[in-house]
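Data first, discussion second: the structure below is written as structure tokens.
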Amino acid sequence: MKLDFFECRFCDKRYNTAAGLKRHKCPSKERADFCLETKYGKTAFEAYCIWVRMRGYVKPELEACVDSKYFTSFVKFSRFFYESSIPLLQNYIEFMVEKDFLPQLWSHPEVYSQYITSFDSRVDLMEQAKITLTYIDAVAAKVGITNEELFGVMTTHEMVKMIRSRRFSPTVLYLMKSYHRYLVECTESDAAILQSMVPETTINRKLAKNPKTKEMLRGIIKQYEL
Ligand SMILES: [Zn+2]
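Yeah, the sequence shown ends on 229 if you go by the numbering used here, and it's all consecutive.
Shown next, in the form of structure tokens:
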């Protein structure tokens with residue numbers, strides 16, 4: 004069947020030609036294009052879809068996303084997600100749903116801080132290892148150096164940022180020889196900062212309860228030559 008008109012799926016405006024529709028602009032179509040064509044838009048839409056599914060609502064659709072009263076909150080969150088280097092999108096939104104935080108709160112520093120505080124108990128150690136090691140591996144490969152050399156070029160400030168965002172798991176870091184070499188080579192005050200974020204006693208206590216996991220982690224870390 005040949006349609007004799009071309010209609011905008013968002014505002015129902017009709018055109019006689021496909022080119023006419025292509026040139027058409029309306030606020031919802033602009034939002035949809037943003038969701039389909041940009042990094043921040045794609046993540047905003049993905050966050051919307053995860054949120055809708057988690058709340059057991061109807062199948063998420065782009066049309067509903069662009070008309071959602073939370074649309075700008077999803078976009079704001081998407082930017083925040085990249086700026087804060089949040090390791091797990093789905094896990095972050097799960098926490099928001101559990102705590103009944105609506106999308107406009109997802110980028111709030113206090114809410115983010117609550118999530119990070121709960122991260123180590125929410126995400127199991129093997130998953131934390133995967134996040135940490137694949138990140139180090141990818142960054143080192145991008146720069147063209149070995150994983151171990153990456154530690155040599157990282158500043159303490161960068162290291163602190165990675166631990167704070169949980170791109171680097173304190174427990175996984177603690178099990179790396181490269182991390183202990185880093186500690187020896189940095190200044191005393193930098194070492195003190197890192198040791199406060201990678202608390203030896205707490206980590207040892209946790210690992211003592213999971214000797215099998217500890218051995219597995221050591222094995223994986225060795226494969227990454229760290
Ligand atoms: Zn339109």
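A virtual CB, placed ideally from N, CA and C, is assigned to each residue, including glycine. Nothing here was measured: the structure is a model prediction, and the numbers come from that model.
Select from the options the residue whose C-alpha is nearest the C-alpha of residue i.
i, options, result
"Phe-104", "Ser-76, Met-129, Asp-127, Ser-172", "Ser-76"
"Tyr-227", "Tyr-138, Leu-197, Glu-97", "Tyr-138"
"Lys-133", "Thr-20, Arg-170, Lys-164", "Arg-170"
"Ser-181", "Lys-212, Thr-149, Thr-205", "Thr-149"
"Met-219", "Asp-127, Tyr-51, Gln-198, Thr-159", "Asp-127"
"Gln-131", "Thr-20, Ala-21, Ile-224, Asp-7", "Ile-224"
"Tyr-185", "Lys-209, Met-157, Ser-168", "Met-157"
"Arg-208", "Lys-145, Thr-174, Gln-198", "Thr-174"
"Gln-198", "Asn-213, Arg-221, Val-163", "Val-163"
"Lys-217", "Ala-141, Pro-106, Met-179, Glu-101", "Met-179"
"Met-165", "Thr-135, Thr-41, Cys-189", "Thr-135"
"His-2", "Phe-98, Cys-189, Pro-106, Ser-81", "Here the chain has residues from 4 to 229 only, and residue 2 is not among them."
Would you say residue i faces chain B, with C-beta separation under 7 Å as the test?
i, result
"Asp-193", "This model lacks chain B altogether; it includes just one protein chain."
Grab me the residues of residue i's own chain with a C-beta within less than 8 Å of its C-beta, minus the 5 sequence neighbours each way, in chain order.
i, result
"Gly-23", "Phe-9"
"Gly-59", "none"
Between residue i and ligand 2, is there a pair consisting of the residue's CB and a ligand heavy atom that are separated by less than 6 Å?
i, result
"Phe-171", "Although ligand 2 was asked about, the structure shown includes only ligand 1 as ligands."
In chain order, what residues of the same chain have a beta carbon less than 7 Å from the beta carbon of residue i, not counting five sequence neighbours either side?
i, result
"Cys-11", "Leu-24, His-27, Cys-29, Lys-32"
"Tyr-96", "It is Ile, not Tyr, that sits at residue 96 in the sequence shown. Counting only Cβ-Cβ distances below 7 Å, and skipping sequence neighbours, we find Ala-50, Ile-53, Trp-54, Met-57."
"Ser-88", "Ser-168, Arg-170"
Which residues in the same chain have their Cβ closer than 6 Å to the Cβ of residue i, if we skip the five residues on either side of it in sequence?
i, result
"Tyr-177", "Val-201, Ile-206"
- Please list the segments of the alpha helix (DSSP H) lying wholly inside the stretch 107 to 136, counting only runs of 4 or more residues, in order along the chain. 112 to 125
- Can you list the residues near ligand 1, meaning Cβ strictly closer than 7 Å to any non-hydrogen atom, in the order they appear in the chain? Cys-11, Phe-13, Cys-14, Lys-16, His-27, Cys-29, Ser-31, Lys-32
- Message: Below 8 Å, how does it come out for the stretch 115 to 124 and the stretch 152 to 159: are there three or more Cβ pairs, yes or no?
- Response: no
- Three CB pairs or more closer than 8 Å across the stretch 187 to 195 and the stretch 106 to 113: no
- Are the stretch 9 to 25 and the stretch 43 to 52 touching by the rule of at least three beta carbon pairs closer than 8 Å? no
- Hey, which unbroken runs of the beta strand (DSSP E) at 3 residues or more fall wholly within the stretch 38 to 62? none
- Message: Please give the ranges of any alpha helix (DSSP H) in the stretch 179 to 205, keeping only runs that are unbroken, at least 4 residues long and fully inside the region.
- Response: 180 to 188, 191 to 200
- Message: Under 8 Å, with one C-beta from each stretch per pair, do the stretch 62 to 69 and the stretch 28 to 38 reach the 3-pair mark?
- Response: yes
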